[in-house]
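Below is one structure, written out as structure tokens; the observations come after it.
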Amino acid sequence: FSICDGDNQESETHSSDEKLYKKEGWLRKQYCESELTQKEIAELTGVSKSTISNWMQEHEIKSRSSAESRTDGDLEKLNNEEWLREQYCEREKTLTEIADELNLAHKTVSTSIQEHGIEIRSAAESRTDGDREKLKDEAWLREQYCNREKSAYDIADELNLVQGTVRNWMEKHGIEIRSAAESRTDGNLEPLKNEEWLREQYCQKRKTTYEIADEVGVVSATVRNWMERHGIERRSNAKSRTDGDLAKLNSEEWLREQYCDREKTLAEIADEVNLSTKSIVRGMQEHGIGRRSLSESHTDGDLEKLNNEEWLREQYHEREKTTHEIADEAELSQATVTKWMRKHGIERRSAGSQTDGNLESLKEEEWLREQYCQKRKTIYEIADELNLSRGPVTRWMEVHGIEIRSPAEAQTDGNLEPLKREEWLREQYCEQRNSTYEIANE
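At position 142 of the sequence shown the residue is numbered 142 (full-length UniProt numbering), and the sequence of numbers has no breaks.
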């Protein structure tokens, strides 16, 4: 495989007969210089950890002891989305540079960035194969930036590197970086000059300055400067969406009920508690609530049917379909169906209705254990079989002390055939720019 990662120093290709992990130089570089773990190298090359271990022994590459491994890094910073976004998006540091700074593995940083919803730069955008040697020369760099007044972007472009790499070396040399107001920016300033557009993004659509900056390719300070020019008042803490109902968000039971039982979307929950969707995502992560896959979310269904009160009333009252069945038919989430029923004033059946799912089966530990542990059914499959949402299944498993499989264990019965085809996998990741999560879901 050719690894298409924006932070790899080199583009390394190999044929099926010439595996990278068999090459001592490549393997030593990944393990000793990049400090990847054996497991990470195994995932990178699509082989087992034991295979990597065997080849390390073959090449006499000494394994790190537990004390030497990179497990004592600064996870607190990594869990801080604002800090991580600033390092990666605004300062344009590479994943490797952030990993080095935090004393963590490259993959740990990459995983955290994806969890925070930060889009990883493509190989073309990362430009890590440029001329770094000149940056090591303090006199040359000071001449370019201070005397010739080139911007960090100009210097980066000249050396075929990203702006963040230039800034990092300037900090190492103690060269004071000009403020955003003094610097030129390489993003698209045209939208920011349009007061109407900027006001709409910030005031009507309630986007943050970070989100607007990401969209037009500039730093958030540039957005704030243009807002001041247009006289657009920034939201105070009282007006921003940080004063929402945090008590509900801190209640795992409430949040699990909204997302798992009622199958509300993140946006719907955010609106209800007057918080951003990112706050909801963080709350779910803290409570260990797994997010639905794209295929489970049903966001592209038929809303026209739900707009038709007569049709919806007929399905629910006359045909006695459950909200789950209606949601499946309209290819929408159960929460969306419930919301439209409220809009139309359609009264819900009592919880005791026989069509609201079969909870009795869940109370039988032996039956539930057989379905999940012996038959290896997923929580979603059990819930679907009983005409219930996944929330009750999860709760009864906890009551019975049935250990829930990790995501890695849960997806062991997927279709591995496409992954064995290098051409297909390369197309998904390199050409279609699908993330590993999207490919895994597919």
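The beta carbon of each residue, even a glycine, is placed where N, CA and C say it ideally should be.
All of these numbers come straight from a predicted model, not from anything done at the bench.
In the structure shown, S53 falls within a helical segment according to DSSP collapsed to helix, strand and coil. When secondary structure is reduced to three states using DSSP, L189 falls in the coil class, being assigned neither helix nor strand. Between the alpha carbons of Y21 and V223 lies a distance of about 46 Å.
In its own chain, leaving out the 5 sequence neighbours on each side, no residue places its CB closer than 6 Å to the CB of G231. Contact annotation: T322 and N250 have beta-carbon atoms that are not nearer than 7 Å. The Cβ atoms of R319 and I346 lie no closer than 7 Å to each other. In the structure shown, the three-state DSSP call for H344 is helix. Comparing alpha-carbon positions, the option among R85, I61 and T94 lying closest to G117 turns out to be R85. For T165, the enclosing alpha helix (DSSP H) has its first and last residue at Q163 to K172. Counting only the Cα atoms, E423 lies some 10 Å from C430. The way I'd put it, the stretch 91-111 does touch the stretch 35-46; three or more beta-carbon pairs between them come closer than 8 Å.
Where V281 is concerned, the enclosing alpha helix (DSSP H) starts and stops at T277 to H287. Annotation for H106: the continuous alpha helix (DSSP H) segment containing it runs H106 to E115.
Here W83 is not near L135, since their CB atoms are 7 Å or more apart. Rounded to the nearest angstrom, the Cβ distance from L266 to I280 is 5 Å, consistent with a contact under 8 Å. Excluding residues up to 5 positions away in sequence, E138, L141 and R142 lie with their Cβ nearer than 8 Å to the Cβ of H173 in the same chain. Distances from the CA of R342 to each of K363, E360 and E309 were compared; the closest alpha carbon is that of E309. For D74, the three-state secondary structure derived from DSSP is coil. If you draw a straight line from the Cα of H344 to the Cα of I269, it comes to about 20 Å. Secondary structure note for R199: its alpha helix (DSSP H) is the uninterrupted segment E195 to R199.
Boundaries for I404: no alpha helix (DSSP H) harbours it, and the DSSP string shows neither H nor E there. Between E272 and the set Y316, A156 and A247, the nearest pair of CA atoms involves A247.
With respect to I382, Q374 sits apart: the two C-beta atoms are not nearer than 7 Å.
No residue range can be given for L36, since it is assigned to no alpha helix (DSSP H) and is classified by DSSP as neither H nor E. Cα atoms of R390 and I326: separation of roughly 17 Å, rounded to the nearest angstrom. Take the alpha-carbon of R229 and the one of E190: they are about 14 Å apart. Here S361 carries a helix assignment [DSSP, helix/strand/coil]. Within the same chain, no Cβ atom closer than 6 Å to the Cβ of M227 is found once the five residues on either side in sequence are excluded. Collapsing the DSSP output to three states places K93 in coil.
When rounded, the separation of the alpha-carbon atoms in K264 and N147 is 57 Å.
Pairing K19 with I52, the inter-Cα distance amounts to about 11 Å. Rounded to whole angstroms, T165 and I155 show a C-alpha spacing of 10 Å. Cα atoms of E211 and Q163: separation of roughly 19 Å, rounded to the nearest angstrom.
Separation of K93 and L161 (C-alpha to C-alpha, rounded to the nearest whole angstrom) is 11 Å.
The Cβ-Cβ distance between V393 and I402 does not fall below 7 Å.
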